[in-house]
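To convert, count from 1 in the sequence shown and add 6; that's the numbering used here. Yeah, the Cβ is synthetic: ideal placement off N, Cα and C, and Gly gets one too. In what follows, a structure is listed as structure tokens, so that the remarks can point back to it.
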Amino acid sequence: MAGMEHYRMAMDPAILKLGNMTTNRHKFFRWTPRTARITFMYAVFVPVIFGIVAYKTDGKYNFRAKRKGDVIVEY
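Structure follows, in structure tokens:
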């Protein structure tokens, strides 16, 4: 950014350590029961819940050409 030369700050060692840890996370990753459970929840369980909700409400609501006071529920 232009004009930021006057506001130089010393780099915080904790921020540098966090950056290095984030960059090298793939080198130190291990599958444990906890990481497997979290991965299952985000990769399978959450999309299934969203899919069920989307399937149950498909075509139920119509937001097109509605005016104030009109109901959005089709059935």
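For residue i: DSSP bridge partner residues
i	result
Tyr48	Partner(s): none; Tyr48 has no beta bridge.
Val79	Tyr67
N- and C-terminal bounds of the alpha helix (DSSP H) containing residue i
i	result
Arg31	31-34
Rounded Cβ spacing between residue i and residue j (contact assumed at less than 8 Å)
i	j	result
Phe69	Ile55	23 Å between Cβ atoms; not a contact.
Cutoff 7 Å; reference residue i; Cβ partners in own chain excluding five residues on either side
i	result
Lys72	Ile78
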